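Residue numbers (the numbering used here): -18 to 321.
Even for Gly, the Cβ is constructed at its ideal location relative to N, Cα and C.
Source: prediction; values computed, not measured.
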């Protein structure tokens, strides 16, 4: 009987131990499951934080890019707004005849050089450092002279114009930041130029910075011409070109009256010179405005030396005369009397 009692007690002890062990296992499972759930929740939380951090970094990069773009736009605006007109390149099929024409108009013409790339040029210099470059192209050997030659052959004689700037390296950096085409920097001892790889047909501009003072010598013209005050730009898309000019620091001033224009003509101005924007069926430099001391002198010069008609207009209180491309064999020439 005693043995049986002991056996029963052992059995109960084993059953109790087994139940307790099973309870511990179940509790351990619950703890493990809770820990696993907590880990998953932590992973989800970390994932959300990483995604949020990634979004924040992306936003910061986007904000930085936007700030850099705005800074570049501001630098381009400021530099070009304060630029000066430097020179216009007028193509010709016969440099001697073009030089003679400008001489007959009362200008002193400075002989240039015959260059290895097929370009031969002459210059009309003004006291403010600006110039007219007359250019003939014969057997061009590089891309630029070939482009000039093709334009002349297509009867487009206003080839390019340059504006004089400071901080040309900063300007190049800003254009690069904005993915603009003006990134070709050419450096020599006298000056540096910044241009697009090919001539920008819609706005044929490039930029120049001199390494020393540019002193023009032949500036005492018989016709009393003093400087180029405006360049005329014909455009197929006047809204787009106007937008480009505004981005370059030019303000739209007023409408401008020129002969034979059938579309809009708007006068723009930066701090130093003007651009006359002409709505047209083509892109080209179509004319320039030259300031003279006395309009009577240029009138008499044209009458006596060219025996041709000219167009006479008033610009408010100021008189001007205009010569057609048929007379100049190139572009419109406007002579405007300096307002006292």
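Contacting residues, own chain, Cβ-Cβ under 7 Å from residue 237 (five flanking each side not counted): So the list reads 246, 247, 248 and 257, once near-sequence residues are dropped.
Where do the N-terminal and C-terminal ends of the beta strand (DSSP E) with residue 260 fall, by residue? Residue 260 -> beta strand (DSSP E) spans 255 to 260.
Going along the chain, which residues of its own chain have a beta-carbon closer than 8 Å to the beta-carbon of residue 311, five neighbours each way excluded? 71, 72, 73, 79, 138 and 139.
Would residue 103 and residue 90 be called neighbours here (beta carbons separated by less than 9 Å)? Yes.
Check: residue 127 C-beta below 8 Å from any heavy atom of the ligand NAD: With respect to small molecules bound, the structure shown includes none, and the ligand NAD cannot be examined in it.
Counted within 10 angstroms of its Cβ, other Cβ atoms place residue 168 as buried (16 or more) or exposed: Around the beta carbon of residue 168, fewer than 16 other beta carbons lie within 10 angstroms, which makes this residue exposed.
How long is the line joining the alpha carbons of residue 234 and residue 177, rounded to whole angstroms? In a straight line, the C-alpha of residue 234 is about 28 Å away from that of residue 177.
Pick from 180, 319 and 179: whose alpha carbon is nearest that of residue 297? Nearest C-alpha to residue 297: 319.
Secondary structure at residue 87, three-state DSSP: helix, strand or coil? Three-state DSSP puts residue 87 in coil, outside helix and strand.
Let me make sure I understand the geometry here. Which of 276, 279, 199 and 291 has the alpha-carbon closest to that of residue 240? Cα-wise, what sits closest to residue 240 is 291.
Tell me the rounded alpha-carbon separation between residue 49 and residue 154. The alpha-carbon atoms of residue 49 and residue 154 are separated by roughly 11 Å.
Of the listed residues 61, 20, 321 and 287, nearest to residue 143 (C-alpha basis): The candidate whose alpha carbon is nearest that of residue 143 is 61.
May I ask you to verify whether the region 102 to 116 touches the region 186 to 200, counting CB pairs closer than 8 Å and requiring at least 3? The region 102 to 116, when compared against the region 186 to 200, does touch it at the 8 Å Cβ threshold.
For residue 322, the residue or residues it bridges with in DSSP: Not covered by the structure: residue 322. The range shown for the chain is -18 to 321.
Would you say residue 232 faces chain D, with C-beta separation under 9 Å as the test? In the structure shown, chain D does not exist; there is a single protein chain.
Considering only the alpha carbon of each residue, which of 185, 130 and 190 lies closest to residue 172? Comparing alpha-carbon positions, the option among 185, 130 and 190 lying closest to residue 172 turns out to be 190.
In angstroms, rounded to a whole number, what distance separates the CA positions of residue 182 and residue 27? Within the model, the alpha-carbon separation for residue 182 versus residue 27 is close to 55 Å.
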